Amino acid sequence: MVNESNSANSISFIHAADLHLDSPFSGIAEINQKLAHKLSNATFDSFFNLIYLAIRKEVNFVLFAGDIYDNQNKSLYSQLQFLKGMELLNESKIEAYIVHGNHDPLSGWSAHLNWPENVHIFNGKEPEVKVFKSNGFNVHIVGMSYQEHHIKDNLVKQFPAKSKKWPLTIGLLHCSVGNHGEHYSYSPCTLNDLNQLNYDYWALGHVHTPSILQNNPPIIYSGNTQGRHPGETGERGCYLVKMDNPQIKYTFQSTSTIYWDCAELSLNGLNSESDLIEMLNKHIQTVKNEQTDKSIICRYKLVGKSKLSSILNDEEVIDNILKYFNDDQNLDSQFIWIDRLRNHTKLPINRQNIAQRQDLLSEIVKLVDEYQANDDDLTELFETVSTLFNSNDGKRFLQPINKSELRTILYEAEDIILDQFMENDE
Amino acid sequence: MRIENININGFGKFNSYRAEGISSNCVLFYGPNEAGKSTLLEFIRIMFFGFSKVKNTSPKPYIPLKGGRHGGSLSLISKDEKYVIERYDTTELNLILPTGKIGDKHDLSKLVGSIDSNTFENIYAFGLKELQDFNTLNDEAIQNKLYSAGTGFKSISISDVKSKLNSMHRFYYKPKGKKPVLNELFYKIKNLKAQYSEHVGKIESYDELQTNLESCLNEREKLKATREDLYKKFDFVNNLLYVWDDWINLVSSNATLDNIKKISFFCEKHSDEITNLVKRKEHLEHQVEEFTKEKQELILDKENLLIDYDVLDYKEEIYQLVNYLEKYIADKASSKQVELKIASEKQELDKLLKSISYDWNREKLNNTDFSIQTKEFIKTKQLQLNSLDNKVSDLNSEIKLLNENIDQINAKLESNKNKRKYINPNLITVEIEGCFEAIFNLRTFIPELEKLNNDLDNWRKDAAILNTLVQRKNVNGSAPVWPAILLLIIAILQAIYMYTIGLLAEGALISGILVGSIILYIYISNKNNSKPTTNKSLHDEDKKFLDNFESPYDIDQYITNAEEKKKKLTSFLKEQAKICGFDFIPRLSQVEQKAKELQVEADKSAELNNIQLEEAELFDENRQLSENLREKKVEKSNIENSINDIIHEFNNWLLSNKLNTGLLPTQVLEIYSIIQTCYDKNANLSSKEEEYEQISNSVQSYKNKTVKLIKDLKMNPNQPIEVSVRLLKEKLDLSEKGQAQLDLIVSNIEKLDKKLDVTYSEINNIESRINMILSLEKVTTLKEFRKKEQNWIELKKLKDEIKTSEHRIRRFTGNELFNEILEKLNNTTYGELELEKNELKEEIERINDMIETLSNTIGETETKINQLIENHQESEIQQNLKSVSEKANHISRKWAAFILAEKLLNNAISKYEHEHQPEVVTDAQKFFSIITGEKYNRIYSPLDSSEILVEDCSGNHKDIQQLSRGTAEQLYLSLRIGFILHFQKYNPSLPIIFDDVFVNFDNTRAQNAFKAINDLIKTNQVFYFTCHPEHVEMCKEKIPSTQVFELV
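Those protein sequence lines, which keep their order, are chains A and B. Numbering that gives the first Met the number 0 numbers the first residue of the first sequence as 0 and each following residue consecutively. Numbering that gives the first Met the number 0 numbers the first residue of the second sequence as 0 and each following residue consecutively.
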């Protein structure tokens, strides 16, 4: 398929991936209807930010490197919204080149929609070459979609090398380059595999954190357009790339509407609830000043040694603090929502001293140490918690606890006991 | 560790309290109630562990009631080394190490180990209250109490903690039930999943709906196409019906056309033209009639005109008279006024001339010189006289003022003269001053004289005594007298000088000093010149008296000197008195009186001087003023002479100008102005007379002209001139008007004739043209022409109708189908067409219904699809589901923490029981045996039970409930001691403090308890506080090393 462009000797495009339209936000425990509505629209808002960016910058085309949808049975709403975006691009005579990924393989259900003529979807059988024609030169875009959910083969091996007749070549693929702990390896490949093909630019998808694996030629993960859980903090968006043969410039553009702020806040030296609230206010204000155009969801881990530790063990106290901060937020405009305050503080006590006391408390501390030291002893604790986690509902609805987590909980149990004995005697 | 010294600076009731030299491990503090035993216990605790930071307590605990700094110090011995702990409320810990250095909290923690304030309070120090509390507890509670002691925390029990942990994990989750948090969350998750599934199911119907929608749309299109065809047919039939009338018209028109005679040619333009020509001709003929009538009227008017040609001949003259008539009238009126004016002015002029001089007339007036030079001469003289008069006036004022001043001076002199009458002229200032001086001297030296007299008398007495006493006295030589006299003179002179310069007091002082010096000199010199000898036989008083004098010569000399002095002084004073007018030396009071009198005279003398001075000044001034007066008078006289000269000169001038002499220039100037006025009046009068003559001549001339004309025209001559002129004018106007009218009528008649000619000519042309047209149309008369015209119009109309009908038909049928339509129309009827039309209409309506049904179906399907599109709930459901799941996971971890905490606690308790309890019990039962006098030998707790049992010497087992209160307290005490011993195996052995815990023990048990303490002191220093003297004795008996401190 051949397309015409008005640019001469240079082209510009947007490289985006991992839209995960309609993907819910995870990691949020307390939610109200308005917030749910806001969050459920976040991926769509960021998608349209991307579309309007492309229109404003008058790019020649947009590349989508997979995982447009969150599920292989793509929601109708998300498909229709994506169609709407494509129609907007079409009105501005901007082409769209799409490969599907592991979350939205071609085998999944799609509604019967009439895509406008600017939409070009790569098939899942073999790599396709689609040519974008501009006044000065052509751009060859080589891409391949996932036919199925799990693609373990290295699809790069099937891609053709750059031809001499191709002045500018872009590779478009949803894949795993090297080892990325946070994501499963789909279509695993190496940098060497990519470089061997001699392409001018690799537009990759799958890794949600924007990453530049190589500068020359650019091999880039654009990252997802909207962070959806506390693990996806930092700026999210796409890349605006300008190719002025042979120069290639790329800049990151933020598209997200909701920003995750996760931090550990030390309560050392704080003695009262008002101190805590003041500290939270200061931190939130700092974040707000940095992110002036986004709403912010905060999750804080309270650490350190403080007299507030025992007070903060009471969930009601935490809930009241959250309510204090969240109730005033206008969710219809830019807001800051504290989702969670995890109390990991400890009373200002010396655990070693307690261990040496030879009383009941020292026995507790010693017991904890014994459990921590011995994996077999953990079995006993797993049995204790199995009343919940092995119940029908527990198995269906809860994430199982692993050893590492159990060890952490054990320390929390110790703190609970010590807090009980010490909080009234301060 | 043991305490060696307790030093309390200020703490509760203690102030500067010391308990020193505590060497024993058993220390007993004895004192009555409120002696401070508990205070002492608290003090020890605070020294070890610091002042508790208890907030909001008022007042602060144990504030010094008797003063002193709040705190103190403890001296300790630990491992044979001495430590001093010093604490005050307001300062940090001061720990003095054995090395003498200052330690910190870290060093202190080495001393006390991990024991903190609570532990100390719970384990090492207890009183009766703890025993009494313990008495009400059950076994498990005792165990817990023990373990609370084991935790070192007394404010919360283990059972409370266990209970709380249990309730917390059950709050979060129970295997059954809906209320726990997790149970509720699971329920929510299930609901949300169900909602989500339902939603997803609906979305899958999207494709089916889309398919249905497409098929409906296709079917509707087909129906629309069919309907389109039917519409076309319907339109066709409808058009046939529509053109039916036209077709009928067409047919009938053609038929009529055939029946009408055909006219080959007719020019339609001719028709219009002839119509216009006929109209025009009629119009012109009408015009001719009017012109003719107008002409006749003009001729009649001409005949009626009246014109006087004679008047017309004299037109110019009449106009002239008319033009000058106004002037004639005006001249006639003004001549009278001028005449009157001339008469009055003549009268005025005569009057003015007479005012100048009786013989003055116009002739004289004309001969008088009124030149400018004359006027200037008069003004000059006037100015000169005015100036001189002003000077004279000023001089008169000055002379007057001088006279006044002189009079004032004379008055003053007279006044002074009167004043002098009352002043003694013989007052001599110098004499007065001399008297003042004398008075001063009198004031100064009269007292001295008196004193001298007194001294002299005394000395005389002394001399007499001396002479009788001293015969052996040798008076050697005499001192020179001249220094004394010199000093005296100096004193007098300086006094006078001081008085003159006004420093009387200072002068007196200096004089006194000098006189004193004189006396001293005399005394010393006499003393120096005599050799004092003593007589042993004299009395002491006498000896003293003699000692005052070196020799008898001394006093004689004193006397002599004094007498000389007195003499001089007296002489001096007499002179002074004489000056003042005294014949003798006065008393001081007399002197003062004199001084007053002299002062008055002095004042008068001063006043007299002033008067004299003033008089001198006035005389000088008077003389000066008189001189000025004389000068002024001379000047005035000179000026008056000048005035007279000027007047004389002016009179000569008057005479030469025939004016009355004696007139002043001012008067002459006044006359001059009158003369000027007369001159002007005279000139005015002359001009008026000329004017009068002119007017008269003019009036007369006019009259003559008018009379002549009237005569020529044979008019009435007796009328006034004005009337005659007006009549002439009227006649002339009439004639002129008549002439004008005549000219106009003639002109109009000529114009009318011309118009008539033109009109006739045009009428002829029109007739010619009409004839020509008729010949062209081959008719002879106009009537024939009209008939032909009518035929032609009718033919044309029919053709138009035919054309119109055809056009209409073609418009609906088109040219191609025109013939076909005609044929069709020809072969059908109107009714048949109507029928066909209705049938088609029905069919169309049926198809419309079908289309509408399909449209509704399409709308519903689209609505459903839109609902699916717009219904975004699945995302919200998914988000909610995610959030609830997150919360459930979070709560599950919290549940896990609590349930593990419960497990840990239980395990710890169990382990503690297994590992530690035996040692505690073993230690405890030893003490229990001692305390109970070996009645009970064993304490134990079954492992699977929380019971605490004791075994007596007979092997009987009893639980706590079966023991008496005292025995139970003893049991607990034993357990506590056992625990302490066990505890401090791993911790420093701090002093143990019992606060009167044996109070409920009987004597035997109490003794046994002390005996047990005797064992205890092997490992710990024990403090026992009591208010019972018998316990003191018991303790001392059982523990000989007991050190007793009495608290008062």
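Idealized CB from N, CA, C, for every residue including glycine. For clarity, every value in this text was computed on a predicted model and none was experimentally measured.
- So, using beta-carbon positions, are residue 280(B) and residue 766(B) closer together than 8 Å? yes
- Query: Should residue 25(A) be flagged as near chain B, meaning a C-beta pair shorter than 8 Å?
  - Reply: yes
- Query: Thinking just about the alpha-carbon of each residue, which of 327(A), 405(A), 151(A), 296(A) is nearest to the one in residue 388(A)?
  - Reply: 405(A)
- Message: What residue range does the beta strand (DSSP E) around residue 260(A) cover?
- Response: 257 to 265
- Which chain B residues sit within Cβ distance under 8 Å of residue 35(A)? 875, 878, 879, 882
- Task: Would you list, in sequence order, the uninterrupted alpha helix (DSSP H) runs of no fewer than 4 residues that lie entirely inside the region 240 to 281 of chain B?
- Result: 243 to 258
- Item | Residues bridged to residue 217(A) [DSSP beta-bridge criterion] | 214(A)
- Item | Under the three-state DSSP convention, the category residue 163(B) falls into | helix
- Query: Listing by chain order, which chain A residues have their CB less than 7 Å from the CB of residue 892(B)?
  - Reply: 408
- Return the residue from the list 688(B), 697(B), 678(B), 8(B) that minimises the CA-CA distance to residue 362(B). 678(B)
- Message: Ignoring anything shorter than 4 residues, give me the alpha helix (DSSP H) runs that lie fully in the region 755 to 839 of chain B, in order along the chain.
- Response: 781 to 812, 817 to 826
- Query: What does a CB cutoff of less than 6 Å around residue 44(A) pick up in its chain, not counting 5 residues either side in sequence?
  - Reply: 256
- Query: If you drop the 5 nearest sequence neighbours on each side, which residues of the same chain put their C-beta closer than 7 Å to that of residue 634(B)?
  - Reply: 394
- Ignoring anything shorter than 4 residues or poking outside the region 992 to 1026 of chain B, list the alpha helix (DSSP H) runs there in chain order. 1002 to 1015
- Flag this pair as yes or no: are the beta carbons of residue 706(B) and residue 719(B) separated by less than 8 Å? no
- Item | residue 187(A), DSSP secondary structure in three states | strand
- Query: Does the Cβ of residue 879(B) have 16 or more other Cβ atoms within 10 Å, making it buried, or fewer, making it exposed?
  - Reply: buried
- Item | residue 172(A) and residue 142(A) closer than 8 Å at C-beta | yes
- Message: Just to confirm my understanding: we take residue 220(A), look at its own chain, exclude 5 residues before and 5 after, and list those with CB closer than 6 Å. What are they?
- Response: 203, 206, 210
- Within 10 angstroms of the Cβ of residue 425(A), are there 16 or more other Cβ atoms? Answer buried if so, exposed if not. In this prediction, residue 425(A) scores a pLDDT of 43, lower than 50, which makes its location untrustworthy; no coordinate-derived value is stated.
- Task: Compute the Euclidean distance between the alpha carbons of residue 474(B) and residue 466(B), then round it to the nearest angstrom.
- Result: Confidence at residue 474(B) is low in this model, with a pLDDT of 42, below 50, so its placement is unreliable and the value that follows should be read with caution. Whole-angstrom Cα-Cα distance: 12 Å.
- Using the rule of at least 16 other Cβ atoms within 10 Å of the residue's Cβ for burial, across every protein chain shown, is residue 76(A) buried or exposed? buried
- Chain-ordered neighbours of residue 362(A) on chain B, where CB pairs are closer than 7 Å: 907, 910, 911
- Would you grab the beta carbon distance between residue 341(B) and residue 687(B) for me? Rounded to a whole angstrom, and I think it's under 8 Å. 5 Å
- Find the residues of chain B that neighbour residue 224(A), judging by a C-beta separation of less than 9 Å, and give them in chain order. None at all; the shortest Cβ gap to chain B is about 16 Å.
- Task: Could you name the residues of the same chain whose beta carbon sits closer than 6 Å to that of residue 286(B), not counting the 5 residues immediately before and after it, in chain order?
- Result: 758
- Message: Just verifying my parser: in three-state terms, what is the DSSP assignment at residue 531(B)?
- Response: Model confidence at residue 531(B) stands at a pLDDT of 47, short of 50, so the residue's coordinates are unreliable and nothing is read from them.
- What is the DSSP secondary structure of residue 19(A), counted as helix, strand or coil? coil
- Top-ranked residue by Cα proximity to residue 61(B), from 190(B), 212(B), 43(B), 578(B): 43(B)
- Task: Using a Cβ-Cβ cut-off of 8 Å, state whether residue 81(A) counts as contacting chain B.
- Result: no
- Three-state secondary structure (DSSP) of residue 174(A): coil
- Residues that residue 185(B) contacts on chain A, provided the C-beta gap is smaller than 7 Å: 392, 396
- Query: Just checking, does the region 341 to 351 of chain A make contact with the region 409 to 422 of chain A on the three C-beta pairs under 8 Å criterion?
  - Reply: yes
- Does residue 885(B) get closer than 8 Å to chain A when you measure Cβ to Cβ? yes
- Query: Where does residue 771(B) land, buried or exposed, given buried means 16+ other C-beta within 10 angstroms?
  - Reply: exposed
- Nearest neighbour of residue 189(B), chosen from 119(B), 621(B), 887(B), 899(B) [CA to CA]: 887(B)
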